[in-house]
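Below is one structure, written out as structure tokens; the observations come after it.
Residue numbers (the working numbering): 18 to 205.
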């Protein structure tokens with residue numbers, strides 16, 4: 018049986034599994050949201066499949082994205098991570114995960130709920146779009162621009178409006194499966 022997927026999905030089984038079971042499914046867990054936001058930042062200038070193939074290595078290298086642990090990484094740890102061939106060895110990107118962990122910690126210390134904070138940009142519920150082709154998908158929206166600005170104010174980086182929109186798609190804040198994709202009917 019030939020399954021119709023969004024046009025951006027390749028024939029790579031890992032990519033297909035990600036599309037079919039992860040992408041666009043609502044995520045509410047704050048640590049999972051933090052991890053996904055950091056991984057999307059790692060994608061900057063690269064294809065998502067590159068990061069997806071390295072996701073387990075990132076989880077191992079960054080203590081399963083535990084913000085408390087990651088926020089304590091120092092320059093020695095950054096140097097160690099720069100030797101890790103399992104992740105993208107870009108010093109600024111590595112440091113961004115640490116910086117984002119510190120921003121996360123400060124935000125939650127003040128009583129903030131990271132999940133609520135992020136989901137508020139779409140009114141707390143997935144925004145369902147009705148695109149017929151991937152050519153219609155925006156690179157950014159007013160909501161992703163607002164999210165980017167708010168995250169930067171908290172000290173996060175590698176969270177520009179385009180990265181934030183990709184994040185919003187991935188964690189189901191916006192449903193951007195095209196209307197001809199078999200997943201569209203599952204998530205709408």
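Just so you know, even glycine gets a beta-carbon here, dropped at the ideal spot from N, CA and C.
The alpha-carbon of residue 109 is positioned some 27 Å away from that of residue 190.
By the Cβ neighbour-count rule, residue 52 is buried, with 16 or more other Cβ atoms within 10 Å of its own. Counting along the chain, residue 120 sits inside the alpha helix (DSSP H) bounded by residues 108 to 126. Residue 77: member of the alpha helix (DSSP H) spanning 65 to 78, first to last residue.
Taking all protein chains in view, the Cβ of residue 71 is crowded by 16 or more other Cβ atoms within 10 Å, so the residue is classified as buried. When secondary structure is reduced to three states using DSSP, residue 87 falls in the helix class. Here residue 114 is buried: its Cβ has 16 or more other Cβ atoms, across all protein chains shown, within 10 Å.
Cβ-Cβ separation between residue 198 and residue 22: approximately 5 Å, consistent with a contact (criterion under 8 Å).
Membership of residue 189 in any alpha helix (DSSP H) is not indicated, and neither H nor E is assigned to it by DSSP.
By the Cβ-count criterion, residue 194 is buried, with 16 or more other Cβ atoms from all chains shown falling within 10 Å of its own Cβ.
Closest in C-alpha terms to residue 126, from the list 30, 136 and 171, comes 171. When 84, 37, 77 and 19 are compared, the shortest CA-CA separation from residue 104 is found for 77.
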